[in-house]
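Below: the structure, in structure tokens.
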Amino acid sequence: MDLTNRDVAKLLRNVAAALTLKKASIFQIRAYETAADAIEHLTSEVKDLWEEGKLAEVPGVGKNLSEHLNELFSTGKVAHFESLTKDLPPVFFEALDIPGVGPKTAQRILSLKVQNLEELKQRLEDGSLIKEGFSEKLAENILLGLKDTNSEKDRMLLPFAEELAAKILDYLRKSPDVKQADCLGSLRRKVATIGDLDFAVASDNPEKAIKYFVKMPGISRIVDQGENKAMVMLTSHLQIDLLVGKPKNYGNLLQHFTGSKHHNISLRKLAEDKGYSISEYGVKKLKTAVIECKTEEEVYSLLDMQTPPSEIREDAGEIEAALKHQLPQLIPYGSLKGDLHLHSSYPIEPSHDLGRDSMEDMVKRALALGYKYLGFSDHSPATSNHSKPKIIDILKKRSAFIDKLKLKYAGKIEILAGLEADIQPDGSISVPDEGLKLLDYCIVGVHSAHRMEQSKMTARILKALSNPYVQILAHPTGRLLNQRPSFEADWAKVFEFCAKKGKILEINSFPDRLDLRDDLVRQAISKGVKLVIDSDAHGLEQMDQLDYGVAVARRGWATSADIINTYGFKDLLDVLK
DNA sequence: GCCGTTTTCGGCCCGACTGTTTTCAGTCG
Numbered sequence: 044m045d046l047t048n049r050d051v052a053k054l055l056r057n058v059a060a061a062l063t064l065k066k067a068s069i070f071q072i073r074a075y076e077t078a079a080d081a082i083e084h085l086t087s088e089v090k091d092l093w094e095e096g097k098l099a100e101v102p103g104v105g106k107n108l109s110e111h112l113n114e115l116f117s118t119g120k121v122a123h124f125e126s127l128t129k130d131l132p133p134v135f136f137e138a139l140d141i142p143g144v145g146p147k148t149a150q151r152i153l154s155l156k157v158q159n160l161e162e163l164k165q166r167l168e169d170g171s172l173i174k175e176g177f178s179e180k181l182a183e184n185i186l187l188g189l190k191d192t193n194s195e196k197d198r199m200l201l202p203f204a205e206e207l208a209a210k211i212l213d214y215l216r217k218s219p220d221v222k223q224a225d226c227l228g229s230l231r232r233k234v235a236t237i238g239d240l241d242f243a244v245a246s247d248n249p250e251k252a253i254k255y256f257v258k259m260p261g262i263s264r265i266v267d268q269g270e271n272k273a274m275v276m277l278t279s280h281l282q283i284d285l286l287v288g289k290p291k292n293y294g295n296l297l298q299h300f301t302g303s304k305h306h307n308i309s310l311r312k313l314a315e316d317k318g319y320s321i322s323e324y325g326v327k328k329l330k331t332a333v334i335e336c337k338t339e340e341e342v343y344s345l346l347d348m349q350t351p352p353s354e355i356r357e358d359a360g361e362i363e364a365a366l367k368h369q370l371p372q373l374i375p376y377g378s379l380k381g382d383l384h385l386h387s388s389y390p391i392e393p394s395h396d397l398g399r400d401s402m403e404d405m406v407k408r409a410l411a412l413g414y415k416y417l418g419f420s421d422h423s424p425a426t427s428n429h430s431k432p433k434i435i436d437i438l439k440k441r442s443a444f445i446d447k448l449k450l451k452y453a454g455k456i457e458i459l460a461g462l463e464a465d466i467q468p469d470g471s472i473s474v475p476d477e478g479l480k481l482l483d484y485c486i487v488g489v490h491s492a493h494r495m496e497q498s499k500m501t502a503r504i505l506k507a508l509s510n511p512y513v514q515i516l517a518h519p520t521g522r523l524l525n526q527r528p529s530f531e532a533d534w535a536k537v538f539e540f541c542a543k544k545g546k547i548l549e550i551n552s553f554p555d556r557l558d559l560r561d562d563l564v565r566q567a568i569s570k571g572v573k574l575v576i577d578s579d580a581h582g583l584e585q586m587d588q589l590d591y592g593v594a595v596a597r598r599g600w601a602t603s604a605d606i607i608n609t610y611g612f613k614d615l616l617d618v619l620k
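Counting the first sequence from 1 gives a position; my numbering is that position plus 43.
Take a look at the structure:
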């Protein structure tokens, strides 16, 4: 069984709830809750981090929780957690999933001898619980919350969330009472998956702005509505939060709701040391007036630090670096000069994973996107379908075809003939060297036998990368968001090898992949590994998704120098040589 | 339970909104 971040977070929240009933220290309870929060919002799977020995890098996970999680991943359970929760029936923990129900309310539900959520619903509807002391308002809220409860619901992929967010921002900006509107939270940090959508609005009339917001089409109910904020549920059971501030302190609002929980906690501790107190309304010099900030930059400069880009506000060293004025110059969006991982409709058997569009149409799209170069990396012909000479023949014909395109577009855009070959279970490449010789470059990737012992997978990848005709490792960890975890490999060893031999790792911008993961990007570039950001497009419209890969690179602290497709064509060829 | 340019002990971010307990607890972000 693979334990997801959601599973682990839920387990830790259950323990926190059990500790609440046992009247444990509020700080111990909070420690479990903040660790759960950090884990739920990780871009990588916590189980992957455990396998890679990197649990301690998760903010809020210390010695004890590391040991508990080690036991969890090794044996499937934690004796200490079970002893804490063994007296509590399942309905207690199920009730905690209802929005608005915390440990105390769940305990009340328990005390009324409710066996399960279905019974809870029935007894709230027929009024029998109201007779036993539930207020009507509470009953109504729990019933509404039950409708929104779906603990199995996956977090949204980033592009889906951004598309929805763009529509909501569009709606908000149409109001005369909205001076400015922005995304907040994980959406603004460009985390690979998103839970709720949060928005900020600057307005001179917050009340009117909120009234306008809660009238947005698609809202099924208003959960909260106050003077400065509102929380609504969409008919799709998605939660949207709106925070409204005045233009004069909009920077405080943006700053407050963008960083991860741990970024904010660390920043406020730092502020306290400097005699300041930070909130969404302003920065207060102790016992004096509040300093309101129009921009976030003013907030951070009050603390004598640089403003960390939103993508790295995770309390992973950015505060320290900003204090020393040593933040890296992150690779800008829109700065890529080409795409090297493109699948065209050029017919290669087997045809199950061909692209939908012709090479020439993709060249035209690349020109429209302003690229200086592009490379085709169709899947290699399968050895099971073709003899070796036949494969060579197919690749020769394809190269000749691409050569004609190169001629036709000479002076306008550079075109490269690449290939995406398979790394077979024994580490050999699906195309013989005589075939690879015909190419301008070769991308390799693991497309089968994903479950393999760590040492074997590491050896498999290193063997493939040892081939002198191979330059790039595609989607290195093989993860599929919400579907499949990263496979096990000794990444430190892979990075060391790549740095030494000049092999390139890909950041695959495909929304389901976003692989190499941001935490591994950071580790790789610290070792001197160069990366390439590719779209892996199988159709024209997917060619536009490269900025999701740029977001991953930024979250991994990458600069333009780390990413080879920010280079001009000649420098790119030097790296690929 | 976490965490550390004065600390391995002794602190621990800041605030909104709801309901109803007229001064606060519970929940949430």
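Beta carbons are placed, not taken as given, at the ideal position from N, Cα and C, and that holds for glycine.
According to DSSP, which residues form a beta bridge with residue i?
i: alanine 52; result: According to DSSP, alanine 52 bridges with nothing at all.
i: valine 287; result: Val244
i: alanine 411; result: Partner(s): none; alanine 411 has no beta bridge.
i: threonine 602; result: Leu373
i: valine 134; result: Bridge partners of valine 134: none, in fact.
i: phenylalanine 419; result: Leu385 and Ala460
i: methionine 199; result: Ile237
i: glutamine 223; result: Ala245
i: histidine 486; result: Note that residue 486 is isoleucine in the sequence shown, not histidine. Answer by DSSP bridge pairing, in chain order: Glu463 and Ile515.
What is the rounded straight-line gap between the Cα of residue i and the Cα of residue j?
i: valine 537; j: glycine 398; result: 30 angstroms
i: phenylalanine 242; j: glycine 418; result: 39 angstroms
i: alanine 208; j: asparagine 271; result: 20 angstroms
i: lysine 291; j: glutamate 335; result: 6 angstroms
i: alanine 149; j: arginine 311; result: 32 angstroms
i: phenylalanine 116; j: arginine 503; result: 25 angstroms
i: threonine 602; j: proline 352; result: 13 angstroms
i: threonine 68; j: leucine 62; result: Before going on, a small fix: residue 68 reads as serine here, not threonine. Those two C-alpha atoms are separated by around 8 angstroms.
i: leucine 187; j: leucine 108; result: 35 angstroms
i: cysteine 485; j: lysine 233; result: 30 angstroms
i: glutamate 179; j: serine 279; result: 26 angstroms
i: valine 257; j: glutamate 496; result: 52 angstroms
i: valine 157; j: alanine 59; result: 22 angstroms
i: glycine 145; j: leucine 64; result: 11 angstroms
i: glutamate 276; j: leucine 155; result: The sequence shown places methionine at residue 276, not glutamate. Straight-line Cα distance between these residues: approximately 29 angstroms.
i: alanine 396; j: glycine 582; result: Residue 396 is actually aspartate in this sequence, not alanine. About 11 angstroms.
i: alanine 535; j: alanine 542; result: 11 angstroms
Taking C-beta to C-beta, are residue i and residue j nearer than 8 angstroms?
i: alanine 517; j: glutamate 549; result: yes
i: valine 564; j: leucine 557; result: no
i: alanine 409; j: isoleucine 456; result: yes
i: leucine 481; j: leucine 438; result: yes
i: arginine 264; j: leucine 139; result: no
i: leucine 385; j: serine 420; result: yes
i: aspartate 579; j: asparagine 551; result: yes
i: isoleucine 253; j: valine 287; result: yes
i: tryptophan 93; j: proline 371; result: no
i: serine 303; j: histidine 84; result: yes
i: isoleucine 362; j: serine 309; result: yes
i: aspartate 358; j: proline 102; result: yes
i: lysine 431; j: glycine 470; result: no
i: tyrosine 319; j: leucine 345; result: yes
i: glutamate 403; j: leucine 448; result: yes
Span of the beta strand (DSSP E) holding residue i?
i: asparagine 577; result: According to the sequence as given, residue 577 is aspartate; it is not asparagine. Counting along the chain, the beta strand (DSSP E) containing aspartate 577 begins and ends at 574-577.
i: serine 263; result: 262-268
i: leucine 551; result: Note on identity: in this sequence residue 551 is asparagine, with leucine being the wrong assignment. Looking at the DSSP string, the run of the beta strand (DSSP E) that includes asparagine 551 is 547-551.
i: alanine 464; result: 463-465
i: tyrosine 319; result: 319-322
i: aspartate 400; result: Neither: aspartate 400 is in no beta strand (DSSP E) and is coded neither H nor E.
i: lysine 328; result: 325-328
i: alanine 273; result: 272-277
Report back the beta-carbon spacing between residue i and residue j to the nearest angstrom; my notes put them in contact at under 8 angstroms.
i: arginine 166; j: leucine 160; result: Not really, about 11 angstroms apart at Cβ, beyond 8 angstroms.
i: arginine 191; j: proline 260; result: Checking the sequence shown, residue 191 turns out to be aspartate, not arginine. Between proline 260 and aspartate 191 the Cβ distance is about 18 angstroms, and since that is not below 8 angstroms, they are no contact.
i: tyrosine 512; j: aspartate 465; result: That pair is no contact at about 14 angstroms.
i: valine 51; j: isoleucine 82; result: 5 angstroms
i: proline 202; j: glutamine 588; result: 7 angstroms
Could you please give the first and the last residue of the uninterrupted alpha helix (DSSP H) stretch that includes residue i?
i: leucine 127; result: 122-128
i: glutamine 566; result: 561-569
i: threonine 77; result: 69-83
i: histidine 305; result: 304-316
i: glycine 478; result: 476-479
i: aspartate 614; result: 612-619
i: glycine 470; result: Unbroken run through glycine 470: none, as it is neither H nor E.
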